[in-house]
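The next block holds one structure in the form of structure tokens; read it before the comments.
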Amino acid sequence: MIHGSSNLVRQTKQAHFDGDEQHDDGLLELPSFFVLTFQRYEGETREGQFHGRGSAKFKGGHTYKGMFSMGVMHGTGVFTWADKVRYEGEFVHNMPVGQGKYTWPDGSSYEGDVCNGVRHGSGTHKSGNVTYKGQWNHSKRHGKEETSWYKGNWVMNEREGWGIRRYPSGNIYFGEWKHNLRNGEGTMRWLNQGQLYIGNWHDGVQQGHGTHVWLMKRSEPGAEFRPSNQYTGNFFQGYRHGPGIFYYAGGAVYEGGWQDNKKHGKGKVTLKDGYVFQGQFLNDKMVTPNMTANQAPVLHGMAESSLGPDMTVSIDCALEKIPGRKHEIEHKQVRFVLLRHKTELRSIYRFYSRLGQPQIPGGAFLLSRMQLWRLLKDCYVHHRGVTLAELDLYIRDNPEPAEVHSPFTPIMLCRFLSCLVIIAFHIYHEDMESSNHLLAACFSKLLIEDIFPHAKNVKGFLFKPPERTIVAVDFLGKCWKVYQAYCRVNKAPRDDSTMTNRHILWMYKDLNLYDSDLTIVRVMEIISAETLDPSNLSACMENEITFLEFFEALLGCGEVKCQQMTGPYPKIGPSRSSSALARQWQQTLAQDRELDAWSHKIHHFFKHMFFPAVALLHIM
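Quick note: the sequence shown uses this note's numbering, first residue 5, plus one each step.
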């Protein structure tokens, strides 16, 4: 055992702070310096001094494990104070200097530049839900906080095409741009106001068709936003203007005309209890004299009130297959199934609605049909003798043929649950026809056998790994137009025509994309990878496919066709350092460069192969 002293290091201030030492913004103070006295050292030595890798215990209960040089801590290491504050990073002559990470017992952390033991330079401090990423000066925040950024396409120094913009307020927009303004299809998330808009934009404001949702935050601590009021319809210069439907949180619905954000013209109000009022509206009020009211059939029950309005299902199309005298009891039993599994169903909805979305603390999004398709494929629902395209027809709630298979259609929680019930009935009604409560039995079977065992295990090329999604969505809108164009070329007799897997093979032949790497057999393997029997390549060729399946096939084929490309960065060799921080940094760098190489391949495939070939055929 070697004893000695060091004129270094640091901290005696309590790190289990009483509250006075933790600012309102979550910023924790660093402990002060003090002189350490060695109690025990184990490790390598040179000329009687600590040198090389070793571990030491100091008087007072502090410990260090890492590199030493001629008696002092020098290199990478981990120092843990007696009060459990931890520093992992670089040391220079006993002093934390360079890149490092502090961790406090309450879970707070700082990671970034360190100078003489304090935060200095560029770094990120996290405490609870509070995060600061930016510049530091002697442990004080100083300079510009890195909260405002843009990632996407530029043309002549202006945002143009597809991109994501995070504003200084924390609000996020991801979608199409033109001349630096939001223009085209896009989604805006107002974080502090709890609002979400998905739809069309023009010159920076909402214009055209879209859905605006006002999200109400739950009262319990740490809870997330949940859908409250929702409007779906036309906008003009940022206002609700034209035909639209407003869904109120309390359960009432208004369908009719709007002008400058107010009800205007002919409209209909359906109250939660089923009463329907129709008439003329002016300045947000009904002005028709002799207003009449008709009561529509609405089923009530204990389960519905316990579930809340955002989980109220609409399953009339399934109830039509059942004798009318059983409608009320069937609806009631379905609500009981929802009540038993509401926590898991909400969790699944939240998980899939976040796929491909920016990681916003406490953020909530509406599920899209694209994400619903991914859930159904993850849960092997398409192995039950039905394709996703056929399921779209079963659950359609929009009479417009163009919207039946649109990947961008927003789906609220109540609509999502209704879709699951309807899907369950079409898949399992023959198997469960002897059950007393047919709808509930089918729904339970779908949840227990398909959804719960497999949900959240994401597959496919688009959402796994999630870091690649931000690259892939850059081409989503244009590929959707290609898909629609090929559907028109196919001239299927149905007004909601789709493509088949065989059409993909023909399309690649028309575009002259086959080569020694991307062969017909390889394409067939890609498009049949998630089928019930992947070894039988020809069995699924006539199956109709949704846009998700079309787009994921493109991503898979693009990766194969450009597999010889490595990206602009060279590969990294194995790390020579054995420290945990160095290995973690090396692993992160390797992942970043792998993502960059994949991104390089996908960009090359779409911009220099696929889209130019499509343009030559003049099908769009």
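In this text, a Cβ means the ideal position worked out from N, Cα and C, and glycines have one as well.
Predicted model only: the values in this text are computed from it and were never measured.
Query                                                                                                                                                                        : Result
Out of Phe-465, Glu-598 and Gly-237, which has the shortest C-alpha to C-alpha gap to Gly-360?                                                                               : Phe-465
For a quick check, are the C-beta atoms of Arg-50 and Ala-60 less than 8 Å apart?                                                                                            : no
CB-CB under 6 Å to Lys-463, same chain, minus the five flanking residues each way: which ones, in chain order?                                                               : Asp-382
Which two residues bound the contiguous alpha helix (DSSP H) that contains Cys-119?                                                                                          : Premise fails: Cys-119 lies in the beta strand (DSSP E), 113 to 119, not in any alpha helix (DSSP H).
Compute the beta-carbon to beta-carbon distance between Gly-75 and Phe-54, rounded to the nearest angstrom, for a pair I have assumed lies under 8 Å.                        : 5 Å
Please give me, in chain order, every unbroken run of the alpha helix (DSSP H) with length at least 4 that falls completely inside the stretch 392 to 428.                   : 392 to 398 and 405 to 408
For Gln-567, which residues from the same chain have a beta carbon less than 7 Å from its beta carbon, with the 5 sequence-adjacent residues on both sides left out?         : Asp-521
Assess, as a yes-or-no matter, whether the stretch 121 to 130 is touched by the stretch 105 to 113 under the definition of 3 or more beta carbon pairs within less than 8 Å. : yes
The beta strand (DSSP E) spanning Trp-158 covers which residue range?                                                                                                        : 153 to 159
What is the rounded straight-line gap between the Cα of Cys-483 and the Cα of Phe-555?                                                                                       : 7 Å
Are the CB atoms of Gly-179 and Gly-188 within a distance shorter than 8 Å?                                                                                                  : yes
Determine whether the beta carbon atoms of Ile-452 and Cys-423 lie at a separation below 8 Å.                                                                                : no
Tell me whether the beta-carbon of Pro-247 lies closer than 8 Å to the beta-carbon of Gly-254.                                                                               : no
Would you mind sorting Met-160 into buried or exposed? The rule is 16 or more other CB atoms within 10 Å of its CB.                                                          : exposed
In chain order, what residues of the same chain lie with their CB nearer than 7 Å to the CB of His-386, ignoring the 5 residues before and after it?                         : Leu-380 and Leu-392
Quick one: grab the DSSP three-state call for Lys-289.                                                                                                                       : strand
Along the chain, which unbroken stretches of the beta strand (DSSP E) at least 3 residues long are found entirely within the stretch 43 to 102?                              : 53 to 62, 67 to 73, 76 to 84 and 90 to 96
Find out if the Cβ-Cβ distance for the pair Cys-491, Thr-502 is shorter than 8 Å.                                                                                            : yes
From Ser-112, Tyr-91 and Tyr-171, pick the residue whose C-alpha is nearest to that of Gly-102; which is it?                                                                 : Tyr-91
Does the pairing of the stretch 436 to 453 with the stretch 533 to 547 give three or more beta-carbon distances under 8 Å?                                                   : no
Output the distance between the C-alpha atoms of Glu-529 and Asp-396, rounded to the nearest integer angstrom.                                                               : 25 Å
For the alpha helix (DSSP H) containing Tyr-356, list its first residue and its last residue.                                                                                : 331 to 357
Given this structure, state the Cα-to-Cα distance separating Gly-64 from Val-96, to the nearest angstrom.                                                                    : 23 Å
Give me the Cβ distance between Gln-241 and Leu-219, rounded to the nearest whole Å; I'm assuming they're in contact under 8 Å.                                              : No, Gln-241 and Leu-219 are not in contact; Cβ-Cβ is about 24 Å, not under 8 Å.
What would DSSP say about Ile-474, mapped onto helix, strand or coil?                                                                                                        : helix
Run through the DSSP bridge pairs and tell me what Phe-240 is partnered with.                                                                                                : Tyr-243
Provide the residue(s) that pair with His-206 in DSSP beta bridges, ordered along the chain.                                                                                 : Val-209
Contact defined as beta carbons within less than 8 Å: I believe Pro-100 pairs with Gly-93. What is the distance between those atoms, to the nearest angstrom?                : 6 Å
Is the CB-CB distance between Arg-526 and Val-564 below 8 Å?                                                                                                                 : yes
Out of Arg-344, Gly-203 and Gln-488, state which residue places its alpha-carbon closest to the alpha-carbon of Gly-214.                                                     : Gly-203
For Ser-615, report the span of its alpha helix (DSSP H) as first-last.                                                                                                      : A small correction: the amino acid at residue 615 is Phe; Ser does not occupy that position in the sequence shown. 615 to 621 is the span of the alpha helix (DSSP H), which, as asked, contains Phe-615.
Given that a residue counts as buried once 16 or more other Cβ atoms are within 10 Å of its Cβ, and exposed if not, what is Gly-58?                                          : buried
Tell me the rounded alpha-carbon separation between Phe-614 and Leu-517.                                                                                                     : 8 Å
Leaving out five residues before and five after Trp-194 in sequence, what residues of the same chain have Cβ atoms less than 6 Å from its Cβ?                                : Asn-175
Alpha carbon to alpha carbon, how far is Phe-355 from Thr-347? Give it in angstroms, no decimals.                                                                            : 12 Å
Can you list, in chain order, the residues of its chain with a C-beta nearer than 7 Å to that of Phe-609? Leave out the 5 residues immediately preceding and following it.   : Gly-562, Lys-565 and Cys-566
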